[in-house]
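Each residue of the sequence shown is one higher than the last, beginning at 147 in the working numbering.
Here a beta-carbon is modelled for each residue, glycine too, at the ideal position from N, C-alpha and C.
On a predicted model such as this, the values are computed, not experimentally measured, just so you know.
Here's the structure, in structure tokens; my notes come after.
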Amino acid sequence: MSTTAAADTAFPHARPRVMVLGSPILADGHPQTKRLRATIEEHAEIVLWDLGFAADLSQVEADLAVVLGGDGSILRAAFQMGYRQTPVVGVNLGKLGFLADLSPDEFVAAFPLICAGPPQVVEHLMFECRWQRSSPPASKCQLGLNEVAILGGAPFAMLDVHLYVDAELVTTYSCDGLIVSTPVGSTAHSLSAGGPILRKDLQAFVISPISPHALTNRPVVDSADRVYELVVPRPHEGTAAVIDGRVFASLEAGDRMRITRAKPRFKLVEVAGHSYYRTLRQKLGWSGSLRNG
Numbered sequence: 147m148s149t150t151a152a153a154d155t156a157f158p159h160a161r162p163r164v165m166v167l168g169s170p171i172l173a174d175g176h177p178q179t180k181r182l183r184a185t186i187e188e189h190a191e192i193v194l195w196d197l198g199f200a201a202d203l204s205q206v207e208a209d210l211a212v213v214l215g216g217d218g219s220i221l222r223a224a225f226q227m228g229y230r231q232t233p234v235v236g237v238n239l240g241k242l243g244f245l246a247d248l249s250p251d252e253f254v255a256a257f258p259l260i261c262a263g264p265p266q267v268v269e270h271l272m273f274e275c276r277w278q279r280s281s282p283p284a285s286k287c288q289l290g291l292n293e294v295a296i297l298g299g300a301p302f303a304m305l306d307v308h309l310y311v312d313a314e315l316v317t318t319y320s321c322d323g324l325i326v327s328t329p330v331g332s333t334a335h336s337l338s339a340g341g342p343i344l345r346k347d348l349q350a351f352v353i354s355p356i357s358p359h360a361l362t363n364r365p366v367v368d369s370a371d372r373v374y375e376l377v378v379p380r381p382h383e384g385t386a387a388v389i390d391g392r393v394f395a396s397l398e399a400g401d402r403m404r405i406t407r408a409k410p411r412f413k414l415v416e417v418a419g420h421s422y423y424r425t426l427r428q429k430l431g432w433s434g435s436l437r438n439g
């Protein structure tokens, strides 16, 4: 099933209702903030201005979320929106920006067209991660967009991680850590660990070991419809599960991390001229050419 879809109709209001989310460092007066706010107010109604990711969004009714910052800001915004994901327009005030792809100038030019609607909205895979402990019984769940990472922590020795897919033991990785990533997250921590780049609308997870002891342990790509479980039989004192850069749980022996496709999808507004491969060329420096010797 395709995850790319244009909205069938324009926004339900004459002026789109917009919530603006962003990093707390912008609240102190980033040189672009005033300009961007003026553009938004000219073409839309701002129903929430939250530079700090502190607001409760459960009662906020919005047609769009404009996120100011970098990809980290978009991850925090996705976490803040939880199970009510609103289409996001990402404005890159950070460094790399795979998701926050629009420069301030590009946003100023594109936002009137977005508000005229209907915008092109691309939906991306999200996951649920459930931590389970058998004794005493305990469980908690969190929604994520990029990845679940099992990180060894102090004393920074080799870690064994059992991987189960649909309840079948696949292998035991001896490594510094293990990452289960969505396609969106494939250009983040997983990429730096040697994992492949997945097109963002694929329905798949990639499992990437961090510094594996065995050279035969390579990244694996499998369907998002499967159930992935991670178990660390002998964790270190500092071993933890980290979701999108946030510590989710400190792990004890036998704890299980269960990763499945989530019902909500992250929704990103796509602007004309900002294609998938254009973004990779620009952000990863693929613009070079071969030279004759």
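Whether residue i touches residue j by CB criterion (8 Å)
i	j	result
Phe199	Leu245	no
Thr317	Leu324	no
Phe412	Met272	yes
Thr385	Leu376	no
Ser320	His270	no
Ser249	Ser169	no
Asp390	Glu293	yes
Ala190	Arg222	no
Val352	Leu291	no
Lys241	Gly215	no
Arg483	Gln278	For the chain, the structure presents residues 147 to 439; residue 483 sits outside this window and is missing.
Met227	Ala201	no
N-terminal and C-terminal residue of the alpha helix (DSSP H) that residue i is part of
i	result
Lys114	Residue 114 cannot be examined here, being either before or after the span of the chain that is shown, 147 to 439.
Met227	Asp217 to Met227
Phe244	First-last for Phe244: undefined, no H or E at that position.
Glu252	Pro250 to Ala262
Ser336	His335 to Ser338
Straight-line Cα distance separating residue j from residue i
i	j	result
Ala295	Ala334	12 Å
Lys346	His382	34 Å
Gln428	Phe253	17 Å
Gln178	Phe302	42 Å
Asp251	Cys275	37 Å
Asp154	Pro264	No answer about Asp154 holds up, because its pLDDT of 43 lies below 50 and its placement is not dependable.
Ser281	Val326	25 Å
Val237	Ser357	34 Å
Gly243	Val234	14 Å
Leu289	Ser338	23 Å
Ala300	Asp247	36 Å
His159	Tyr422	30 Å
Gly341	Asn363	11 Å
Val311	Arg402	13 Å
Tyr229	Ala408	9 Å
Asp371	Leu361	28 Å
Thr425	Pro283	45 Å
Ala313	Gly431	40 Å
Nearest-angstrom Cβ-Cβ length linking residue i and residue j, presumed shorter than 8 Å
i	j	result
Ile343	Ser332	5 Å
Val378	Val307	6 Å
Thr406	Val373	6 Å
Gln231	Pro410	5 Å
Leu239	Leu297	With a Cβ gap of about 28 Å, Leu239 and Leu297 do not count as contacting.
Ser369	Ala395	With 8 Å as the limit, Ser369 and Ala395 do not qualify as a contact, their Cβ atoms being about 25 Å apart.
N- and C-terminal bounds of the beta strand (DSSP E) containing residue i
i	result
Val415	Phe412 to Glu416
Arg392	Arg392 to Ser396
Ser285	Ala284 to Gly290
Gly168	Arg163 to Gly168
Leu305	Leu305 to Val311
Cβ contact check for the stretch 416-423 and the stretch 259-276: 3 or more pairs under 8 Å: Contact holds: three or more Cβ-Cβ distances are below 8 Å.
Any 3 or more C-beta pairs closer than 8 Å across the stretch 182-198 and the stretch 158-172: Yes, since at least three Cβ pairs between the stretch 182-198 and the stretch 158-172 fall closer than 8 Å, the two stretches touch.
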